[in-house]
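There are 2 protein chains.
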Amino acid sequence: MRNMDKKIFEDIKKIEKRLGSLSSTQKILLATDGSVTTILDVLTGHVTIRTLLQEFRAADADVADLLNLDKGTTINYRVVVIEGKKPLIYATSIIPLDRLDNDFKEDLIRADIPIGRILKKHNIESRREIKSVAVEEANQHLQEIFDTDSLMLTRTYNIIHKDQILIWLKETFPYNMFRE
Amino acid sequence: MRNMDKKIFEDIKKIEKRLGSLSSTQKILLATDGSVTTILDVLTGHVTIRTLLQEFRAADADVADLLNLDKGTTINYRVVVIEGKKPLIYATSIIPLDRLDNDFKEDLIRADIPIGRILKKHNIESRREIKSVAVEEANQHLQEIFDTDSLMLTRTYNIIHKDQILIWLKETFPYNMFRE
Numbered sequence: 001m002r003n004m005d006k007k008i009f010e011d012i013k014k015i016e017k018r019l020g021s022l023s024s025t026q027k028i029l030l031a032t033d034g035s036v037t038t039i040l041d042v043l044t045g046h047v048t049i050r051t052l053l054q055e056f057r058a059a060d061a062d063v064a065d066l067l068n069l070d071k072g073t074t075i076n077y078r079v080v081v082i083e084g085k086k087p088l089i090y091a092t093s094i095i096p097l098d099r100l101d102n103d104f105k106e107d108l109i110r111a112d113i114p115i116g117r118i119l120k121k122h123n124i125e126s127r128r129e130i131k132s133v134a135v136e137e138a139n140q141h142l143q144e145i146f147d148t149d150s151l152m153l154t155r156t157y158n159i160i161h162k163d164q165i166l167i168w169l170k171e172t173f174p175y176n177m178f179r180e
Numbered sequence: 001m002r003n004m005d006k007k008i009f010e011d012i013k014k015i016e017k018r019l020g021s022l023s024s025t026q027k028i029l030l031a032t033d034g035s036v037t038t039i040l041d042v043l044t045g046h047v048t049i050r051t052l053l054q055e056f057r058a059a060d061a062d063v064a065d066l067l068n069l070d071k072g073t074t075i076n077y078r079v080v081v082i083e084g085k086k087p088l089i090y091a092t093s094i095i096p097l098d099r100l101d102n103d104f105k106e107d108l109i110r111a112d113i114p115i116g117r118i119l120k121k122h123n124i125e126s127r128r129e130i131k132s133v134a135v136e137e138a139n140q141h142l143q144e145i146f147d148t149d150s151l152m153l154t155r156t157y158n159i160i161h162k163d164q165i166l167i168w169l170k171e172t173f174p175y176n177m178f179r180e
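Protein sequences appear in the order of chains A and B.
In terms of our numbering, the first sequence is residues 1 to 180.
In terms of our numbering, the second sequence is residues 1 to 180.
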């Protein structure tokens, strides 16, 4: 097993020691290298996204470091809530615009389509590297979105395409969700 | 949503109508486009594979059709059980040898490494197309492996790399497993 995978599995065990056991679904949502949209679709019916923020930014030092970019490169910064009948996952994504094909770029900026579905539509071959999993306190913003003061489970990962980080993602959901 | 995905979700609902509700884990195992090895690793601890059969064959008409090959092309036919403390998933795979890079080929033929882990080791960018999900009666072979006469849940899918089917897979597990 690769070291990074091993670290993720160990970190999930540490979270369980701290919070109590996670459900199978929670563990899968934290560890999977597959489309989270697909998982939410099959669990809850067809999910949609609500875009809270989408803007172009210049990569600051932290972002440049995360995505292996030059500082100042234009990135698409997007914050969405993936939801069925209720909010399911809060997701932040960073995409360097110059790594996008044109029609892919259009879909990404134009419409409220989950990234997993866009990748499928364009038959994008990729791989996902899970970088971290963690527990976080909910800030007020997250408390309002999920209507809970539960602790939050969160992970970060990269979607890699043509050997470059195409998308950096952070996904967050409350510990009291996906419990069965 | 793409039509094929939609069909898979509808077929899973049909299975639930027939058998009763599937667990979240079962639905995810049938629908995910991520590594099943990763999911089993996070659910049960580090899984391994036991190879029941591995041989080179010439593609017959059915296989040629499934993988979009010329009849007679050499394929690697492999049947394995993915297991933790007990058998978890029975998997049959078909790989056309001429679509493999050399070091990837070596890993695939040499060692008892799950395909998901081999793809990761070699940083292979790919996408998975789920082709079908179904319920099947367990034949005697499967009954013995899983020590149950439960009905079986099964799916087929392609792992696509460089626009070609690199691996065709069929995975099977008993309806009475992954129930929580």
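The beta-carbon is built from N, C-alpha and C at its ideal position, and this holds for glycine as well.
In chain B, what lies closer than 7 angstroms to residue i by C-beta?
i     : result
A/D33 : G34, S35, T38
A/I95 : In chain order: nothing, as chain B lies at least about 17 angstroms away.
A/I12 : V42
For residue i, which residues in the same chain have their Cβ closer than 7 angstroms to its Cβ, ignoring the five residues on either side in sequence?
i      : result
B/T44  : G84, L88
A/D185 : Lying before the first or after the last residue shown, residue 185 of chain A is absent from chain A, which here runs from 1 to 180.
B/G34  : none
B/V36  : L29, I89, G116, E171
A/Y157 : R128, E129, I130, K131, L169
Residues of chain A with CB under 9 angstroms from residue i, in chain order?
i     : result
B/K27 : I39, V42, L43
For a contact meaning CB atoms closer than 7 angstroms, what does residue i contact in chain A?
i      : result
B/F9   : D41, V42
B/H161 : E125
Using a Cβ-Cβ cut-off of 6 angstroms (strictly less than) and excluding sequence neighbours within five positions of residue i, which residues of its own chain qualify?
i     : result
A/V80 : I49, T51, A91
A/S93 : R78, I167, L169
A/L66 : W168
Rounded to whole angstroms, what is the Cα-Cα separation between residue i and residue j?
i      : j      : result
B/F104 : A/D5   : 20 angstroms
B/G72  : A/N102 : 40 angstroms
A/P114 : A/L29  : 16 angstroms
A/A59  : A/I95  : 10 angstroms
A/T25  : B/R179 : 12 angstroms
A/L108 : A/I118 : 7 angstroms
A/P174 : A/L153 : 6 angstroms
A/I145 : A/N139 : 10 angstroms
B/L100 : B/V133 : 27 angstroms
B/N68  : A/E125 : 19 angstroms
B/D11  : B/V135 : 10 angstroms
A/I167 : B/H122 : 20 angstroms
A/A61  : A/E137 : 25 angstroms
B/K14  : A/A64  : 47 angstroms
B/S150 : B/S21  : 15 angstroms
A/T38  : B/S23  : 16 angstroms
B/K162 : A/K162 : 11 angstroms
B/Q164 : B/I8   : 21 angstroms
A/E16  : A/K27  : 10 angstroms
A/I82  : A/T148 : 16 angstroms
A/T32  : B/T32  : 9 angstroms
A/D70  : A/Q143 : 35 angstroms
A/R155 : A/N3   : 17 angstroms
Mind pulling the chain B residues with CB within less than 9 angstroms of residue i?
i      : result
A/E180 : S23, S24, E180
Might you give, ordered along the chain, the residues of its own chain that have their beta carbon closer than 8 angstroms to the beta carbon of residue i, omitting 5 neighbours on each side?
i      : result
B/F56  : T74, I75, N76, Y77, L97
B/R18  : V135
A/I160 : S126, R127, R128, E129, L166
A/D112 : T48, I49, R50, T51, V80
A/N176 : T148, S150
For residue i, count neighbouring Cβ atoms within 10 angstroms of its own Cβ and tell me buried if that reaches 16, exposed if not.
i      : result
B/E106 : exposed
B/R127 : buried
A/K120 : buried
B/L53  : exposed
B/H141 : exposed
B/K181 : Not covered by the structure: residue 181 of chain B. The range shown for chain B is 1 to 180.
With hydrogens ignored, establish whether the beta-carbon of residue i is closer than 8 angstroms to any heavy atom of the ligand PLP.
i     : result
B/D65 : No copy of the ligand PLP occurs in the structure displayed, which carries no ligand at all.
Contacting positions in the stretch 42 to 72 of chain A - beta carbon closer than 7 angstroms to chain B = V42, L43, H46
What are the residues of the stretch 164 to 176 of chain A that lie near chain B, defined by any Cβ-Cβ distance shorter than 8 angstroms?
-> none
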